[in-house]
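Number of protein chains: 2
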Amino acid sequence: MKHIQSAKNPKIKEWKKLLTKKERDKSGTFLVEGFHLVEEALQGNQIKEIIISENKDMPPGWDYGDIPVTMVTDEIIGQLADTETPQGVFAVCSQERSSEAVKGKRFLLIDAVQDPGNLGTMIRTADAAGIDAVIVGEGSVDSYNPKVLRSAQGSHFHLPVKRGNLFDWVGRLKENNVPVYGTALENAREYTKYESSESFALIVGNEGSGVNKELLANTDANLYIPIFGKSESLNVAVAAGILLYHLRK
Amino acid sequence: MKHIQSAKNPKIKEWKKLLTKKERDKSGTFLVEGFHLVEEALQGNQIKEIIISENKDMPPGWDYGDIPVTMVTDEIIGQLADTETPQGVFAVCSQERSSEAVKGKRFLLIDAVQDPGNLGTMIRTADAAGIDAVIVGEGSVDSYNPKVLRSAQGSHFHLPVKRGNLFDWVGRLKENNVPVYGTALENAREYTKYESSESFALIVGNEGSGVNKELLANTDANLYIPIFGKSESLNVAVAAGILLYHLRK
Numbered sequence: 002m003k004h005i006q007s008a009k010n011p012k013i014k015e016w017k018k019l020l021t022k023k024e025r026d027k028s029g030t031f032l033v034e035g036f037h038l039v040e041e042a043l044q045g046n047q048i049k050e051i052i053i054s055e056n057k058d059m060p061p062g063w064d065y066g067d068i069p070v071t072m073v074t075d076e077i078i079g080q081l082a083d084t085e086t087p088q089g090v091f092a093v094c095s096q097e098r099s100s101e102a103v104k105g106k107r108f109l110l111i112d113a114v115q116d117p118g119n120l121g122t123m124i125r126t127a128d129a130a131g132i133d134a135v136i137v138g139e140g141s142v143d144s145y146n147p148k149v150l151r152s153a154q155g156s157h158f159h160l161p162v163k164r165g166n167l168f169d170w171v172g173r174l175k176e177n178n179v180p181v182y183g184t185a186l187e188n189a190r191e192y193t194k195y196e197s198s199e200s201f202a203l204i205v206g207n208e209g210s211g212v213n214k215e216l217l218a219n220t221d222a223n224l225y226i227p228i229f230g231k232s233e234s235l236n237v238a239v240a241a242g243i244l245l246y247h248l249r250k
Numbered sequence: 002m003k004h005i006q007s008a009k010n011p012k013i014k015e016w017k018k019l020l021t022k023k024e025r026d027k028s029g030t031f032l033v034e035g036f037h038l039v040e041e042a043l044q045g046n047q048i049k050e051i052i053i054s055e056n057k058d059m060p061p062g063w064d065y066g067d068i069p070v071t072m073v074t075d076e077i078i079g080q081l082a083d084t085e086t087p088q089g090v091f092a093v094c095s096q097e098r099s100s101e102a103v104k105g106k107r108f109l110l111i112d113a114v115q116d117p118g119n120l121g122t123m124i125r126t127a128d129a130a131g132i133d134a135v136i137v138g139e140g141s142v143d144s145y146n147p148k149v150l151r152s153a154q155g156s157h158f159h160l161p162v163k164r165g166n167l168f169d170w171v172g173r174l175k176e177n178n179v180p181v182y183g184t185a186l187e188n189a190r191e192y193t194k195y196e197s198s199e200s201f202a203l204i205v206g207n208e209g210s211g212v213n214k215e216l217l218a219n220t221d222a223n224l225y226i227p228i229f230g231k232s233e234s235l236n237v238a239v240a241a242g243i244l245l246y247h248l249r250k
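Protein chains in written order, with my numbering: chain A, 2 to 250; chain B, 2 to 250.
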């Protein structure tokens with residue numbers, strides 16, 4: 002096990018770069034933090050290296066084979082962490098899974114969702130609902146952002162989370178006879194009018210402006226969730242949960 | 002309109018106290034921030050006074066009658082704000098609505114939910130689903146916490162959000178023949194087995210440990226949402242949305 006004690010070690014600089022989207026994409030990797038996420042990444046077979054505090058032990062149950070492990074000081078841990086009280090363990094993971102050819106019958110398409118908690122929660126919900134892949138469109142927060150990873154609680158390692166052009170995706174899904182449902186507050190039908198189906202793609206959109214109008218014009222149908230009380234709308238991750246479970250069950 | 006320029010003015014100290022739960026409860030008031038929330042509070046008739054930046058104008062559409070308005074410096078705004086880029090307007094609101102006698106047929110009971118975003122999102126979702134009141138049990142984050150207020154997007158002014166002892170509530174609801182449903186991962190029935198009903202109470206629980214076991218022993222039934230994929234569970238606010246809309250529709 003290597004042991005790095007100097008914060009000036011060039012490895013530290015390399016890891017810190019993974020805090021920006023640009024550098025994550027350049028290297029094709031991302032950083033996950035905390036025992037639960039590192040364990041999920043191990044099971045998902047996506048780890049390139051592990052970084053652990055010199056004051057922590059590797060959990061005895063972890064089968065990390067010949068994955069390199071580096072011990073570092075808590076000062077270095079603090080520099081890499083996005084949380085205020087880091088658990089003291091990180092893994093550098095490969096983005097490779099996201100280049101997997103996507104197969105399946107059920108898809109969640111995400112159009113310009115900005116809030117990392119919302120995106121992460123939707124990836125977690127899509128996983129729970131047995132969705133085959135999440136497609137993150139342009140204008141959305143990066144799916145490897147530390148807060149997205151935290152909210153998704155490891156679901157990145159369970160199903161493909163791919164970036165893509167949603168217009169291309171909608172076209173391709175329709176060619177393959179997958180019904181594509183948008184979500185909208187106007188010119189839409191109540192979701193309960195649609196039964197669960199073997200295959201579908203659901204598009205959810207930006208917290209303020211919803212799904213792009215041109216995308217909505219290309220769907221098979223657009224759905225809305227009725228508001229029985231006085232709130233103006235639902236949180237996008239809650240709406241995605243209601244619709245995915247309705248269409249899935 | 003009063004104009005306060007000194008950060009040492011005793012009014013400022015009084016307002017700043019509202020950043021803590023203890024002082025909010027002592028005064029029976031709470032502070033909301035931003036144009037949307039202040040407008041909702043105005044419509045909900047719960048405002049005692051308005052605080053606005055000397056660099057902002059009161060929106061012409063606001064009918065604030067004889068509610069006192071105080072102009073303050075942006076430095077003072079910054080001291081009161083929970084957000085990084087405050088909009089420059091606050092209202093001191095009365096908690097009174099929460100002392101309203103609760104009537105109705107549909108209830109959401111919240112047991113020890115810790116995350117302010119989750120609690121706020123559930124209050125917003127309960128409003129959307131036409132729930133008559135939200136009962137926040139002991140051990141939950143304070144419902145007047147600024148982050149809870151922000152996530153709820155004004156729903157505090159649409160339906161009663163009351164603190165209460167959940168054991169007392171469950172007892173009283175059952176006496177009134179309101180079916181009480183807990184949520185649990187074990188010893189529970191799939192939620193789709195239950196049809197929508199005219200009246201119900203749903204209990205959701207802590208992010209880590211779920212609903213208190215003794216409470217679960219006192220319900221009419223406990224529900225679970227199936228996990229079709231590999232995630233361990235759903236976010237509590239997403240689960241609440243799926244269940245409320247299923248029971249409500």
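Virtual Cβ for every residue (Gly too), placed ideally from N, Cα, C.
Would you call residue i buried or exposed, if buried means 16 or more other Cβ atoms sit within 10 Å of its Cβ?
i	result
Arg25(A)	buried
Leu203(A)	buried
Asp169(A)	exposed
Gly89(A)	buried
Lys104(A)	exposed
Pro117(B)	buried
Leu186(B)	exposed
Asp128(B)	buried
Ala238(B)	buried
Met2(B)	exposed
Gln6(A)	exposed
Asn119(A)	buried
Gly242(B)	buried
What do you reckon, are the CB atoms on residue i and residue j nearer than 9 Å?
i	j	result
Leu235(A)	Phe201(A)	no
Pro147(B)	Leu32(B)	yes
Ala92(A)	Lys49(A)	yes
Leu43(B)	Asp112(B)	no
Gln154(B)	Gly121(B)	yes
Asp83(A)	Glu34(A)	yes
Ile51(B)	Thr71(B)	yes
Trp63(A)	Glu40(A)	yes
Ala134(A)	Thr184(A)	no
Leu167(B)	Asn213(B)	yes
Gln115(A)	Tyr145(A)	no
Glu176(A)	Pro227(A)	no
Ser210(B)	Lys250(B)	no
Phe229(B)	Gly45(B)	no
Ser28(A)	Lys18(A)	yes
Apart from the five residues on each side of it in sequence, which residues of its chain come closer than 8 Å, Cβ to Cβ, to residue i?
i	result
Tyr1(B)	An answer regarding residue 1(B) cannot be provided, because it is not within the stretch 2 to 250 covered by chain B.
Val179(A)	Lys106, Phe108, Ser200, Phe201 and Ala202
Leu20(B)	Leu32, Leu81, Asp83 and Pro147
Ala8(B)	Thr74, Glu76, Ile77 and Gln80
Val171(A)	Leu110, Val181, Ala202, Ile204, Leu216, Asn219 and Thr220
Ala233(A)	Per the sequence shown, the amino acid found at residue 233(A) is Glu instead of Ala. Hits under 8 Å: none found.
Tyr65(A)	Leu43, Ile48, Ile51 and Met59
By DSSP's criteria, residue i is part of a beta bridge. Which residues make up the other side?
i	result
Asp112(A)	Gly206(A)
Glu55(B)	DSSP lists no partner for Glu55(B).
His4(A)	Met72(A)
Ala92(B)	Val33(B) and Ile51(B)
Tyr182(B)	Leu203(B) and Ala222(B)
Ile136(A)	Leu110(A) and Lys163(A)
Arg190(B)	Leu224(B)
Gly211(A)	Asn207(A)
With a CB to CB cut of under 7 Å and the five nearest residues on each side skipped, what residues in its chain are close to residue i?
i	result
Tyr246(A)	Ala130
Arg125(B)	Ser152, Ala153, Gln154 and Ser156
Leu38(B)	Leu150 and Gly155
Ala189(A)	Asn223, Leu224 and Tyr225
Tell me which same chain residues have a C-beta within less than 6 Å of the C-beta of residue i, skipping the five on either side of it?
i	result
Pro11(B)	none
His4(A)	Met72
Considering Cα atoms alone, identify which of the options is closest to residue i.
i	options	result
Arg164(B)	Phe158(B), Gly138(B), Leu174(B) and Asp67(B)	Gly138(B)
Asp58(B)	Asn119(B), Phe36(B) and Asp67(B)	Phe36(B)
Gly140(B)	Asn56(B), Glu208(B) and Tyr65(B)	Glu208(B)
Ile136(A)	Leu110(A), Val142(A) and Asp143(A)	Leu110(A)
Ile53(A)	Pro87(A), Val142(A), Thr193(A) and Lys231(A)	Pro87(A)
Lys231(A)	Ile132(B), Thr193(B) and Val142(B)	Ile132(B)
Ile68(A)	Cys94(A), Asn56(A) and Glu55(A)	Cys94(A)
Chain E beta carbons: is any one of them nearer than 9 Å to that of residue i?
i	result
Ser232(A)	The chain inventory of the structure shown lacks chain E, comprising the protein chains A and B.
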